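J.:
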Amino acid sequence: MKTKFIAALAASTALLAPMAMAEDMATDMTLVSWGGAYQKSQVNAYAVPYMDMHPDVKVVWDESSNEAVAKLRAMNEAGNVTWDLVDVVASDAIRLCDEGLAMEIDPDTDLAAAPDGTSAADDFGDLLVSDCFIPQIVYSTTFGYRTDLVGDTPPTKICDVFDLEAYPGKRALEKRPINNMEWALLCDGVAKDEVYDVLATPEGQEKALAKLDTIKDSVIWWSAGADTPQLLADGEVVMGSTYNGRLFSVIVEQKQPVAMLWDAQVFDLDGWIIPAGLPADRLARVKDFVMFATDTQRLADQAKYISYGPARDSSAPLVGKHADLGIDMAPHMPTDPNNATNTFLYNYEFWADYRDDIDAKFQAWLAK
Amino acid sequence: MSDLKSTGPQAAAAPPPAGEPGGPVLAADGTPLKRSLNRALRRQKLRALMLIAPLLLFVLLTFIAPIADMLFRSVENQIVSETLPETVVVLHSWDSESGEAPAEPVFDAFYVDLFLAQEQKLHTRLGSRLNYEKTGMSSLFRKSGRRVGKFDTDIYTDQLIALDPSWKDPATWVAMMADSGDRAALPFTARTWDRWVAYLATEGDDPAKTKIEDVLFTTLYLDLRATNGSGASDARITQAAQAAAGFETVSLRDQFADADKNWMDPEVWGTIKAFSPRYTPGYFLNSVDMQKTPHGIETRPENQQIYMMLFKRTIFMSLVITLSCVMLGYPVAWILANLPTRTANLLMILVLLPFWTSLLVRTSAWKVMLQQQGVINDTLVWLGIVDDADRLVMINNQFGTIVAMTHILLPFMILPLYSVMQTIQPTYLRAAKSLGATNWTAFWRVYFPQSVPGIGAGSILVFILSIGYYITPEIVGGTTGTFISNRIAYHISSSLNWGLGAALGAILLAAVMLLYWAYDKVVGIDNVKLG
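First to last, the protein sequences are chains X and U.
Each residue of the first sequence is one higher than the last, beginning at 0 in numbering that gives the first Met the number 0.
Each residue of the second sequence is one higher than the last, beginning at 0 in numbering that gives the first Met the number 0.
Laid out in structure tokens, this is it:
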């Protein structure tokens, strides 16, 4: 009699336990992202299926990733963090982690293992560039050019950007030193594996600026990722750098006469961070969501909507066709072997150190 | 206010007896009239104050306080002395001109500070702060933070525990650190212990149950060597003090040199020392193209000077924009003021319409108009005025900024001008003409002087708005048409150097106030009318 009662009790607590856990999770979640096509891909690939599984959960999107670091710092100082999960580029994630504004995660307990059992830490591999960073996508900053404005020999090498004789006309470059300095040195004869050693010296910085000086009068400097696609579509520039996903939509979705120049594309990462100091119920909810949203299938699903490479090794074979256009997405990924013959990886450590210094020089040079 | 104050002493003095000849005039209730008047006035003023109190509080809380807080950041620099309290004190006696890295005691103190900082994840924050002043500090702190927990200081732990295994027990430390005699014998350990306990409290850990870290054994050893444990009541301390002389030691200076050779660079220590005070002029120096270095205040290298040029450009372009607004706005306002009301109201809508349109839309529209493949260039090429090969460059430069901002700010000029011109009697002009003035003389000598207050008001509005403008220069300014506010925005949202952003903002604020003061001196602020 007594044992029966205990067994019943145990069974009922076993039933109750998951319910109690669900109750401990907040039902509202504020996700921060970049807006536009990228955010839409996240909504479709992560949030909609998650809400199908948990109909009581309400997801609010905030398009503030652009200024996430500053806003998180302000929220932290005010002691009222209203965001639950923030999409940032890796360099910002490193800074947020450095400032203690993002929570450290343990990939093996906080992230799902790959279907074949590979641990999350191995599946993401080197892309876990910070203790707080949960990678989602690999994107690249690369050049696109107007096929109708470059004559019969379209550019194939990064140094064609610096060749005003063969390709006259304006170029669009980002209004910051990162990437531009590397490309300039590369085209000034510096070997690829020595670029950062050279760039660390004042002479190397001068050298890079001197190379940029040769095209300075033909450059339109952009600060928003949407600028270059617009400038290309208007025919304002012959070629310009921007994120590969933006160029994809200009070429494939808007069918503009634009082509990709993948040479010396710079890989960068984008992913989630969880703000530090969330209350327990919100943290439980966001951890549950992250576990789901960064699993192998979800990351592969995202590639259906936008041409950014999934950050997990195990997701790559699952990348299929574009959700609306039905074209194969793999050849449009920056990580596709045909596109990735000559690539750069954003050097986070270098730029964390040299950003302030080189930026001051770069801005002074720009203003001259 | 002066009335309020003057009631004080009078109220305190006893009123003279009523009806006495030569006494003050009395009110109906027998109090002196002056006093009861004052009281009534005070009540009125209080009521007025209460009426505006919500707005006053609102402005104080949401406007003045944030601005004051932000301005305060331009000098605030507590992060260094709060993160490295021990180091800052010892470093004080080190001479940054010595050309050598500091001696052992600085590294002993720094070891403790850095260990506690990395436990609390504060070292990387300090690293980014110091990286604004010296390149490389960010990774130096991040890298050393990872290494500091693995220093060879565990030999002190091992040797002390070998001497008496009870050292391993955290509870004995709690008891020892509660004893004032022991604390006096081990001052460095006591200070470190207090910080350690404070940190554990934030983590919710019990110091009596948490493993004693190597860092505490290190400070214990250093204290034993320094004070010989004299005055301690714990017998273990006296025992250890005797044995400590024969301990195997480890140089923390070498440990740090091993972790990163940059710790042997006197410039690194010079920077820490130069920025160790709680308040620093460093940000302000940076914002006028100077810098605070270990060797005093220096001008920045020429290839990094940017802010003075941006300040000058901002003021110059704001003046140009203000002037173009006057030139374009004056005739418009004049026409509006002299048309019949119905037509004037209709035209007024045309002035106000862009005012109600989103700023971004208007700015982007100028992009479409001005760019090389834009409407204006296309038209000029079609008309054959401009050759297709060299289309005009009208955007992403100063010209683009001036055109777009003049258009955006024009209503701020037209509206005050219009309302002032409406009050000018047309009869004055007619009178002037009937007295023989030409059209020009009548306008210049009679009409124009009366419209000056409107120009003044419009100019102040337009100038102050444009000096702090940010989004339009960002979009159409390219590299030569951007303002100082674009750099402020960069430092606030991108580089996170809020101190520098605050200093630049403070200078901008001061410049505006100075110009306002000069304007008041020259033109007189009484001559400004908004309507």
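For each residue, glycine too, the CB sits at the ideal point set by N, CA and C.
In this text, all values refer to a predicted model and were calculated from it rather than measured experimentally.
Give, in chain order, every residue of the region 363-376 of chain U whose Cβ lies closer than 9 Å to some Cβ of chain X.
T.: Lys366, Val367, Gln370, Gln371, Gln372, Gly373
J.: Within 10 Å of its beta-carbon, does Ala69/X have 16 or more other beta-carbons around it, so buried, or fewer, so exposed?
T.: Here residue 69/X refers to the residue found at position 70 of the first sequence. The residue in question, Ala69/X, is buried, as its Cβ has 16 or more Cβ neighbours within 10 Å.
J.: In the structure shown, what three-state DSSP assignment does Lys39/X receive?
T.: As a working note, residue 39/X is residue 40 in the first sequence. In the three-state reduction of the DSSP assignment, Lys39/X falls in the helix class, which pools H, G and I.
J.: What number of angstroms, rounded off, separates the C-alpha of Met0/U from the C-alpha of Pro53/U?
T.: Along the second sequence, one-based indexing puts residue 0/U at 1. Along the second sequence, one-based indexing puts residue 53/U at 54. Note that Met0/U scores 38 on pLDDT, short of 50, meaning its location in the model is unreliable and no value can be drawn from it.
J.: May I ask you to report which of helix, strand or coil DSSP gives Val58/X?
T.: Walking along the first sequence from the start, residue 58/X turns up at place 59. The answer is strand: DSSP assigns Val58/X an E or B state.
J.: With which residues is Trp221/X paired in a DSSP beta bridge?
T.: Here residue 221/X refers to the residue found at position 222 of the first sequence. Answer is Glu173/X, bridged to Trp221/X.
J.: Excluding the five sequence neighbours on either side, which residues of its own chain have a C-beta within less than 6 Å of the C-beta of Asp83/X, listed in chain order?
T.: Here the question's residue 83/X lines up with position 84 in the first sequence. Taking Asp83/X as the centre and dropping the five residues before and after it, the same chain places the C-beta of Met28, Thr29, Arg281, Val285 closer than 6 Å to its C-beta, in chain order.
J.: Do the CB positions of Thr278/U and Leu503/U come within less than 8 Å of each other?
T.: The residue labelled residue 278/U in the question sits at position 279 within the second sequence. The residue labelled residue 503/U in the question sits at position 504 within the second sequence. In the sequence on display, residue 278/U carries Tyr and not Thr. No, Cβ-Cβ distance for Tyr278/U and Leu503/U is not below 8 Å.
J.: Given this structure, state the Cα-to-Cα distance separating Ser357/U from Leu95/X, to the nearest angstrom.
T.: Position 358 of the second sequence, counted from the first residue, corresponds to residue 357/U. Position 96 of the first sequence, counted from the first residue, corresponds to residue 95/X. Cα-Cα distance, rounded: 33 Å.
J.: Scan the region 125-136 of chain U for residues whose Cβ lies nearer than 9 Å to a Cβ of chain X and list them as they occur along the chain.
T.: Residues of the region 125-136 of chain U with a C-beta atom less than 9 Å from some C-beta of chain X are Gly126, Ser127, Asn130, Tyr131, Glu132, Lys133, Thr134, Gly135, Met136, listed in chain order.
J.: What residues in the region 250-264 of chain X bring their beta carbon closer than 8 Å to a beta carbon of chain U?
T.: Cβ contacts with chain U: none found.
J.: DSSP three-state call for Phe142/X: helix, strand or coil?
T.: As a first step, residue 142/X is located in the first sequence; it is residue number 143 there, counting from the start. The answer is strand: DSSP assigns Phe142/X an E or B state.
J.: Taking the alpha-carbon positions, what's the Leu359/U to Thr471/U distance?
T.: Translated into positions along the second sequence, residue 359/U becomes position 360. Translated into positions along the second sequence, residue 471/U becomes position 472. Straight-line Cα distance between these residues: approximately 8 Å.
J.: Please state whether the Cβ-Cβ distance between Gly328/U and Gly457/U is less than 8 Å.
T.: Taking the first residue of the second sequence as position 1, residue 328/U is located at position 329. Taking the first residue of the second sequence as position 1, residue 457/U is located at position 458. Yes; because the gap between Cβ atoms is below 8 Å, this pair is in contact.
J.: Should Lys57/X be flagged as near chain U, meaning a C-beta pair shorter than 8 Å?
T.: Within the first sequence, numbered from 1, the residue matching residue 57/X stands at position 58. For Lys57/X, the nearest beta carbon of chain U is not closer than 8 Å to its own beta carbon.
J.: Just reading off the alpha helix (DSSP H) that Gln264/X is part of, what are its end residues?
T.: Reading the first sequence from its first residue, position 265 is the one you call residue 264/X. No alpha helix (DSSP H) contains Gln264/X, which is instead part of the beta strand (DSSP E) from 257-272.
J.: Flag Ile491/U as yes if its beta-carbon sits less than 8 Å from any beta-carbon of chain X, otherwise no.
T.: Taking the first residue of the second sequence as position 1, residue 491/U is located at position 492. It does: the Cβ of Ile491/U has a partner Cβ on chain X nearer than 8 Å.
J.: Touching or not, the region 376-390 of chain U and the region 294-308 of chain U, by the rule of three or more beta carbon pairs under 8 Å?
T.: no
J.: Rounded C-beta distance between Val93/U and Val105/U? I'm assuming under 8 Å.
T.: Sequence index remark: in the second sequence, residue 93/U carries index 94 (1-based). Sequence index remark: in the second sequence, residue 105/U carries index 106 (1-based). According to the sequence shown, residue 93/U is Trp rather than Val. The pair is a contact, with the Cβ atoms about 6 Å apart (cut-off 8 Å).
J.: Would you say Gly477/U faces chain X, with C-beta separation under 8 Å as the test?
T.: Residue numbering aside, residue 477/U sits at position 478 when the second sequence is read from its first letter. Interface residue, yes.
J.: Going by DSSP, what residue range makes up the alpha helix (DSSP H) through Ser240/X?
T.: The count along the first sequence starts at 1 and reaches residue 240/X at position 241. Premise fails: Ser240/X lies in the beta strand (DSSP E), 238-242, not in any alpha helix (DSSP H).
J.: Taking Gly98/U as the reference, give the member of Val267/U, Phe187/U, Met69/U with the closest Cα.
T.: On the second sequence, residue 98/U is found 99 positions in, with the first residue counted as 1. The shortest C-alpha separation from Gly98/U is found at Val267/U.
J.: Compare the C-beta of Ile219/X against all C-beta atoms of chain U and say whether one is closer than 8 Å.
T.: Locating residue 219/X in the first sequence gives position 220, where the first residue counts as 1. Yes, its Cβ sits closer than 8 Å to a Cβ of chain U.
J.: Answer with yes or no whether the minimum CB distance from Glu473/U to chain X is below 8 Å.
T.: The residue labelled residue 473/U in the question sits at position 474 within the second sequence. Yes - at least one Cβ of chain X is within 8 Å of the one on Glu473/U.
J.: Within a Cβ cutoff of 8 Å, which residues of the same chain sit near Asp352/X, ignoring the five residues on either side of it in sequence?
T.: Position 353 of the first sequence, counted from the start, is the residue given in the question as residue 352/X. Hits under 8 Å: none found.
J.: DSSP three-state label for Thr29/X, please.
T.: Indexing the first sequence from 1 puts residue 29/X at position 30. Thr29/X falls in the strand class under three-state DSSP.
J.: Mind checking which residues open and close the beta strand (DSSP E) that includes Lys291/U?
T.: Translated into positions along the second sequence, residue 291/U becomes position 292. Taken as a continuous stretch (DSSP letters only), the beta strand (DSSP E) holding Lys291/U covers 289-292.
J.: Among Lys272/U, Tyr489/U, Ile483/U, which has the Cα closest to the Cα of Asn65/X?
T.: Position 66 of the first sequence, counting from 1, holds the residue named residue 65/X. It is Tyr489/U.
J.: Name the chain X residues that come within less than 8 Å of Thr123/U, Cβ to Cβ?
T.: Here the question's residue 123/U lines up with position 124 in the second sequence. Neighbours of Thr123/U on chain X, chain order: Cys96, Asp97, Glu98, Gly99.
J.: Using a threshold of 8 Å, state whether the C-beta atoms of Gly498/U and Arg72/U are closer than that.
T.: One-based indexing of the second sequence puts residue 498/U at position 499. One-based indexing of the second sequence puts residue 72/U at position 73. Yes, the pair counts as a contact, with Cβ atoms nearer than the cut-off.
J.: I need the boundaries of the beta strand (DSSP E) containing Leu344/X, first residue and last residue.
T.: What you label residue 344/X is simply residue 345 of the first sequence in a count that begins at 1. It spans 342-344 - the beta strand (DSSP E) in which Leu344/X sits, taken as one unbroken run.
J.: Where does Leu507/U sit, in a helix, a strand or coil, going by DSSP?
T.: Counted from its first residue, the second sequence places residue 507/U at position 508. Of the three classes helix, strand and coil, the one that applies to Leu507/U here is helix, per DSSP.
J.: Strictly below 7 Å CB to CB, what residues from chain U border Ser222/X?
T.: Working through the first sequence from its first residue, we reach residue 222/X at position 223. Within chain U, the residues near Ser222/X are Glu473.
J.: Quick check: Val289/X and Ile93/X, are their CB atoms within less than 8 Å of each other?
T.: Here residue 289/X is taken as the residue at index 290 of the first sequence, counted from 1. Here residue 93/X is taken as the residue at index 94 of the first sequence, counted from 1. Taking 8 Å as the Cβ cut-off, Val289/X and Ile93/X do not qualify as a contacting pair.
J.: Answer with buried or exposed for Arg175/X, where buried requires no fewer than 16 other C-beta atoms within 10 angstroms of its C-beta.
T.: Within the first sequence, the letter at position 176 stands for residue 175/X. That one is buried.
J.: On the three-state DSSP scale, how would you describe Thr209/U?
T.: Along the second sequence, one-based indexing puts residue 209/U at 210. Of the three classes helix, strand and coil, the one that applies to Thr209/U here is coil, per DSSP.
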